[in-house]
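Student: Quick one: the structure is below, and I'll ask about it shortly.
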């Protein structure tokens, strides 16, 4: 008993020192989506900007699958020491627990560190698609319900939910074709194998994609001629915001160090330039405000999932 007490005392005494030494080795930044997706592109630039600030190397690891659930489950179950972090959209974190019968995590499984940016998605077709614009898409889909198929990065992802909410608002229906790999989705759409898809501006910029609509509250300077659904009286669900997450119970000094480094990295000129070039909207939030936004979005997405009746296996 005396030996156990001594061991516990030593462990408690060592804990603050370990946090004070953070970071003393390489960090992993886990992206729950495939290479080429917008979060992956920006995560790599963010890791590069944050490395000299934090004083340790940061590697980006892709753990895609199950609409982001695989990567986020990996982060949630990692040791809460700050060396394994998630970089990605809030969607898989606040949606999966409501859409999946047995979710491997919920919002409480994570310690939000900071919000980095907001992503913008677009409905797009290939250059040779007969679909001319958003009104034409709506007309075709109403004339032949479920005849058209649309690709997305996965079931219950934010872009999928945005298209589902658009269909409800405009009164039409299409078949959903979820993809594990964003690159494959874009290739199939540009080649005409999938009628249209929803993807981030960063993932389609520079391709032969023709944008039908920007799924946001205002037009994007990346595709200035593309309208938003609101111009036609249609509504959509809220967009995606991307941040950094640590496992729950990560020590406060470690989280504070990460939060400070995140803020400096997000403000770096090189990273900001890539954000602007990709169409992402800079939107840094410290952890307190980021946490509040997550709690609010968690409630919104729970209601939306229930309304749409979406479930994940």
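In our numbering, the protein residues as written are -19 to 293.
Glycine is no exception: its CB is placed at the ideal position from the N, C-alpha and C atoms.
1) Among the candidates 52, 105 and 67, whose CA atom is the shortest distance from the CA of residue 87?
2) Judging by CA-CA distance, which residue of 9, 159, 206 and 101 is the nearest neighbour of residue 93?
3) Would you kindly check if the distance between the Cβ of residue 85 and the Cβ of residue 149 is under 8 Å?
4) Hey, could you find the ends of the alpha helix (DSSP H) residue 87 is sitting in?
5) Report yes or no: is there a C-beta of chain D within less than 8 Å of the C-beta of residue 42?
6) Contact between the segment 61 to 79 and the segment 19 to 35 is defined here as three or more beta-carbon pairs at a separation below 8 Å; is this criterion met?
7) Is the distance from the Cβ of residue 134 to the Cβ of residue 177 below 8 Å?
8) In whole angstroms, what separates the C-alpha of residue 286 from that of residue 239?
9) Could you name each continuous alpha helix (DSSP H) segment of 4 residues or more that falls completely within the segment 210 to 283, going from the start of the chain to the end?
10) Under a three-way DSSP split, which group does residue 99 fall into?
11) Go ahead and label residue 190 buried or exposed: buried means 16 or more other beta carbons lie within 10 angstroms of its beta carbon, across all protein chains shown.
12) Pull up the DSSP beta-bridge partners for residue 292, would you.
13) For the segment 165 to 180 against the segment 96 to 106, do three or more pairs of beta-carbon atoms, one drawn from each stretch, fall closer than 8 Å, so that the two count as touching?
14) Please report the straight-line C-alpha distance between residue 144 and residue 63, rounded to a whole angstrom.
15) Where does the unbroken beta strand (DSSP E) through residue 7 begin, and where does it stop?
16) Roughly how many whole angstroms lie between the Cα atoms of residue 31 and residue 2?
17) Per DSSP, what kind of secondary structure is residue 52 in: helix, strand or coil?
Tutor: So, from the listed chains and residues:
1) Among 52, 105 and 67, the Cα nearest to that of residue 87 is on 52.
2) Looking at the Cα atoms, 9 is the closest of the given residues.
3) Not a contact, by the Cβ cut-off of 8 Å.
4) Segment: none, residue 87 is in no alpha helix (DSSP H) and carries neither H nor E.
5) In the displayed structure, chain D is absent; only one protein chain is listed.
6) The segment 61 to 79 makes contact with the segment 19 to 35; the number of CB pairs closer than 8 Å reaches 3 or more.
7) Not a contact, by the Cβ cut-off of 8 Å.
8) Their Cα atoms are separated by approximately 34 Å.
9) Counting only runs of 4 or more, we get 232 to 246 and 249 to 258.
10) Note: residue 99 maps to strand in three-state DSSP.
11) Flag for residue 190 reads buried.
12) Its beta-bridge partners are 80.
13) With the rule of 3 Cβ pairs closer than 8 Å, the segment 165 to 180 counts as touching the segment 96 to 106.
14) Approximately 37 Å between the Cα atoms of the pair.
15) Segment 7 to 11, the beta strand (DSSP E) holding residue 7.
16) Roughly 13 Å separates the two Cα atoms.
17) The answer is helix: DSSP assigns residue 52 an H, G or I state.
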